[in-house]
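Below: the structure, in structure tokens.
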Amino acid sequence: MMKLTILSFMVMNSLFMLTFKTPLSLGVFLMMQTLLSCMVINSFLSLYWISYIFYLIMLGGLLILFMYMCSLASNEVFNLNFKYWLYFLILTMMTYFIIMFMNKLLIINIPTQSFQSQELILINENKFVVNKMYNLYTMNLTMMLIIYLLISLSLVTKLTNSNSGPLRTNI
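Numbering (our numbering), first residue to last: 2 to 172.
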């Protein structure tokens, strides 16, 4: 039930993002979409650290995009059109209630398993996800990604050195 709620909020958030034109509003909704995606990853994989790392990476990228967008378009007017909000909210709520009703009809026919077998399945899935991420076959790709991120970090710190001046020039 919680997964369904989060997924419906993600759909509503995606529809809201289509109506905005300013970088600030798009960044806020992209951050909310990232947070909802992390909650979905956490609920499906039952590994909180993968979703936490994903959130930190996306938040770092959003901060860089926010810095660039504020230097390019800093004085744009932020307009809200409540007609679109109300339309998308009603559409999302109707879809949510239809899915909830269909979900309750489908739950009646599904046999339930014992809690112990479900816990064993979750433990095995968690070990499989970690093993799949860091095994011998993906070691070269992981090392290449680590080296690329290290080089990118050193280049960005070199380019944004405080002795070289600010990124945005004062006119």
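By construction, the Cβ of each residue, glycine as well, lies at the ideal position given by its N, Cα and C atoms. This one's a predicted model, so the numbers in the text were calculated from it and none came from an experiment.
- DSSP places Phe-21 in the coil class of the three-state scheme, outside both helix and strand.
- Approximately 5 angstroms separates the beta-carbon atoms of Thr-20 and Tyr-85; this is inside 8 angstroms, confirming the contact.
- The C-alpha of Ser-72 lies about 28 angstroms from the C-alpha of Ser-38.
- Secondary structure of Thr-158 (DSSP, three-state): helix.
- Between the alpha carbons of Tyr-53 and Leu-92 lies a distance of about 31 angstroms.
- A residue is called buried once 16 or more other Cβ atoms fall within 10 Å of its Cβ, and Met-145, having fewer, is exposed.
- Approximately 12 angstroms separates the beta-carbon atoms of Met-40 and Asn-14; this is outside 8 angstroms, ruling out the contact.
- The Cβ atoms of Phe-45 and Phe-30 do not sit closer than 8 angstroms to each other.
- In the DSSP assignment, Tyr-49 falls within the unbroken alpha helix (DSSP H) covering 49-73.
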